[in-house]
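Participant:
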Amino acid sequence: MKIRRYNPDTQKSHLEEFKIPEKKGMTVLDAVNHIKDTQDSTLAHRWSCRMGICGSCGTIINGKPALMCQTFCETDKDSITVEPLRNFPVIKDLIVDTDSAMEHFREAMPYTDIINRHASLDKEMLQTPEQRKKIEQSSQCIKCMLCYSACPVVGHNPNFIGPAAAALAYRYLEDSHDQIPKERMDSVTQKNGVWQCSFIGECSVVCPKKVDPAIALQRLKIMGVFHATKRLLTKRHKK
Amino acid sequence: MKYLEQKPGPLWWTKNPRTTLYMIREFSSILIALATLTLGFVALLPVIGYIGFGGSNLVYGVQDFAKSEIFKITICIGLVGSLIHTFTWLAVMPKLLPIKLPKAAQSVAYLIFLAIWLGLSYLVLTFILP
Chain R
23 MKIRRYNPDT QKSHLEEFKI PEKKGMTVLD AVNHIKDTQD STLAHRWSCR MGICGSCGTI
83 INGKPALMCQ TFCETDKDSI TVEPLRNFPV IKDLIVDTDS AMEHFREAMP YTDIINRHAS
143 LDKEMLQTPE QRKKIEQSSQ CIKCMLCYSA CPVVGHNPNF IGPAAAALAY RYLEDSHDQI
203 PKERMDSVTQ KNGVWQCSFI GECSVVCPKK VDPAIALQRL KIMGVFHATK RLLTKRHKK
Chain F
5 MKYLEQKPGP LWWTKNPRTT LYMIREFSSI LIALATLTLG FVALLPVIGY IGFGGSNLVY
65 GVQDFAKSEI FKITICIGLV GSLIHTFTWL AVMPKLLPIK LPKAAQSVAY LIFLAIWLGL
125 SYLVLTFILP
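This is the structure:
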């Protein structure tokens, strides 16, 4: 296993090779933990649940963004190369700084604002199974940041809202409980919003939860056009 | 302590067949633009000639240019660009329909869009343009 190392004190980056035991069912995360436990305790990496639900262990495995806990070591290749996620500053070894991308989730306004907008909280806000099904796919996002790593637009423009935040915005816009669609549309259709997306589609390819953020972005663009047209006509009418 | 900045290099699109296909799709618009500019230039020349020089000499110049190899190659390049552009964007259309289709149905929808486009192109080229 080859692991990209980065030492923030010396600011030197290199590829270090380790030997791992051949074990059936061993994941890349198991192997990296084994290396840390038995060969090099200075190896830094993030992990938590080991079952593809927390999104902590995202890395580049053999050139592709993937979760370490969901990728098995059994491969036809002679070695496995593990590198930190692309498009993010590397703090140390496999740990990257995702703060800037996480900030974009605020632009999606990921809340329904029921408390402020709903006249009465005595009544239940019911949702039918069909309404729930509409938001099911986009609700699966685990914020693993693999999509941000795969997106070339994020690489060239860190201010781009990004696939996960856009998918989150789409999830709330499609939610029957949503009380603030206009404000959310205004937020995601700004200069660095959904319009920056070129529909490359890599985000949907790498998503471990099949959220399909690429389609969410395109649907947001369509909704954005209708929203802008409505605003223009409403403004003209008010004048 | 300094973080290591990671920025994509100029050849980022060569690392992956899908991103390479994306760049080909985007590049096809440049081919279309090239052909459009050439056609626009050819169309405008007689107008410029008539307004600027009061005569139709430029019409013969335009006719000669339209028969030249450069013009034919430019139009062929534009046609190739249009075809790539059309095929790639039609492939994307089934994913954006209001109803969510399974993968197999998306392929069928793509073929239907392609057939409609070919049919319309045939009608335009055979009955409307002549």
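As they're listed, the protein sequences go chains R and F.
For the first sequence, the residue numbers in this note's numbering are 23 to 261.
For the second sequence, the residue numbers in this note's numbering are 5 to 134.
Note that CB positions come from ideal geometry on N, CA and C, so glycine has one too.
#1: Let's test the definition: count the other Cβ atoms within 10 Å of the Cβ of valine 128 (chain F) and tell me whether it reaches 16, buried, or not, exposed.
#2: I want to verify the contact list: residues of chain R whose CB lies under 7 Å from the CB of leucine 101 (chain F), in sequence order.
#3: If you reduce the DSSP assignment to three classes, tell me which class proline 103 (chain R) lands in.
#4: Here's the rule I'm using: 16 or more other beta-carbon atoms within 10 Å means buried, otherwise exposed. How should arginine 27 (chain R) be labelled?
#5: Taking CB distances under 8 Å as the criterion, tell me whether glycine 223 (chain R) reaches chain F.
#6: Along the alpha helix (DSSP H) that carries histidine 126 (chain R), what are the first and last residues, could you check?
#7: Suppose you measure from the CA of glutamate 9 (chain F) to the CA of histidine 178 (chain R); what does that come to, to the nearest Å?
#8: Here's a check: name, in chain order, each residue in its chain whose Cβ is nearer than 7 Å to the Cβ of leucine 35 (chain F), leaving out the five neighbours to either side.
#9: Going straight from the alpha carbon of lysine 145 (chain R) to that of proline 203 (chain R), what length do you get?
#10: Going along chain R, which residues have a C-beta under 8 Å from proline 21 (chain F)?
#11: Would you mind sorting alanine 47 (chain F) into buried or exposed? The rule is 16 or more other CB atoms within 10 Å of its CB.
#12: Comparing C-alpha positions only, which one of R:Arg72, R:His67 and R:Lys231 sits nearest to isoleucine 82 (chain R)?
#13: Have a look at R:Lys156, R:Thr120, R:Tyr133 and R:Glu125 and flag the residue whose alpha-carbon is nearest the alpha-carbon of isoleucine 103 (chain F).
#14: Quick one, which residues of the region 105-132 of chain R are near chain F if we go by CB-CB under 7 Å, in chain order?
#15: Between which two residues does the beta strand (DSSP E) holding glycine 85 (chain F) run?
#16: Counting C-beta neighbours from all protein chains within 10 Å, is the total for phenylalanine 31 (chain F) 16 or more, i.e. buried, or is it exposed?
#17: Reducing DSSP to helix, strand and coil, say where lysine 156 (chain R) ends up.
#18: Mind checking if methionine 5 (chain F) is an interface residue toward chain R, Cβ cutoff 8 Å exclusive?
#19: State yes or no: is the beta carbon of proline 235 (chain R) nearer than 8 Å to at least one beta carbon in chain F?
#20: Going by DSSP, which residues form a beta bridge with proline 87 (chain R)?
#21: Starting from the Cα of leucine 65 (chain R), find the closest Cα among R:Ala186, R:Asp121, R:Leu116 and R:Met245 and give me that residue.
Facilitator: For this structure:
#1: Against the second sequence, residue 128 (chain F) aligns to sequence position 124. Exposed, because fewer than 16 other Cβ atoms sit within 10 Å of the Cβ of valine 128 (chain F).
#2: As a working note, residue 101 (chain F) is residue 97 in the second sequence. The premise fails here: leucine 101 (chain F) is roughly 10 Å from chain R at the closest Cβ pair, so nothing lies under 7 Å.
#3: Indexing the first sequence from 1 puts residue 103 (chain R) at position 81. Correcting the residue type first, residue 103 (chain R) is threonine in the shown sequence and not proline. Correct three-state label for threonine 103 (chain R): strand.
#4: For the purposes of this step, residue 27 (chain R) is identified with residue 5 of the first sequence, where counting begins at 1. Arginine 27 (chain R) should be labelled buried.
#5: As a first step, residue 223 (chain R) must be located in the first sequence, where it is residue number 201. It does: the Cβ of glycine 223 (chain R) has a partner Cβ on chain F nearer than 8 Å.
#6: Here residue 126 (chain R) corresponds to residue number 104 of the first sequence, with the count starting at 1. Counting along the chain, the alpha helix (DSSP H) containing histidine 126 (chain R) begins and ends at 121-129.
#7: If you number the second sequence from 1, residue 9 (chain F) lands on position 5. If you number the first sequence from 1, residue 178 (chain R) lands on position 156. Approximately 12 Å between the Cα atoms of the pair.
#8: The sequence position of residue 35 (chain F) within the second sequence is 31, counting from 1. Cβ within range, chain order: Ile81, Gly82, Val84 and Gly85.
#9: The residue you call residue 145 (chain R) lines up with position 123 of the first sequence. The residue you call residue 203 (chain R) lines up with position 181 of the first sequence. When rounded, the distance between both Cα atoms is 21 Å.
#10: By 1-based counting over the second sequence, the position of residue 21 (chain F) is 17. Result: empty, since nearest Cβ-Cβ is about 11 Å, beyond 8 Å.
#11: Start at 1 with the first residue of the second sequence, and residue 47 (chain F) comes out as number 43. Exposed, since its Cβ has fewer than 16 Cβ neighbours within 10 Å.
#12: Locating residue 82 (chain R) in the first sequence gives position 60, counting from the first residue. Looking at the Cα atoms, R:His67 is the closest of the given residues.
#13: Mapped onto the second sequence, residue 103 (chain F) falls at position 99. When C-alpha distances from isoleucine 103 (chain F) are compared across R:Lys156, R:Thr120, R:Tyr133 and R:Glu125, the shortest belongs to R:Lys156.
#14: Arg108, Asn109, Phe110, Pro111, Val112, Ile113 and Asp119
#15: The residue given as residue 85 (chain F) occupies position 81 in the second sequence. Careful: glycine 85 (chain F) lies outside any beta strand (DSSP E), inside the alpha helix (DSSP H) at 73-96.
#16: Locating residue 31 (chain F) in the second sequence gives position 27, where the first residue counts as 1. Looking at its Cβ environment, which holds fewer than 16 other Cβ atoms inside 10 Å, phenylalanine 31 (chain F) is exposed.
#17: Here residue 156 (chain R) refers to the residue found at position 134 when the first sequence is read from its first residue. Correct three-state label for lysine 156 (chain R): helix.
#18: Along the second sequence, one-based indexing puts residue 5 (chain F) at 1. Residue-level contact check: methionine 5 (chain F) touches chain R, since one or more beta carbons of chain R fall below 8 Å from its beta carbon.
#19: The residue you call residue 235 (chain R) lines up with position 213 of the first sequence. Not one chain F Cβ lies under 8 Å of proline 235 (chain R).
#20: If you number the first sequence from 1, residue 87 (chain R) lands on position 65. For proline 87 (chain R), which the question treats as bridged, DSSP gives the partners R:Ile82.
#21: By 1-based counting over the first sequence, the position of residue 65 (chain R) is 43. Looking at the Cα atoms, R:Leu116 is the closest of the given residues.
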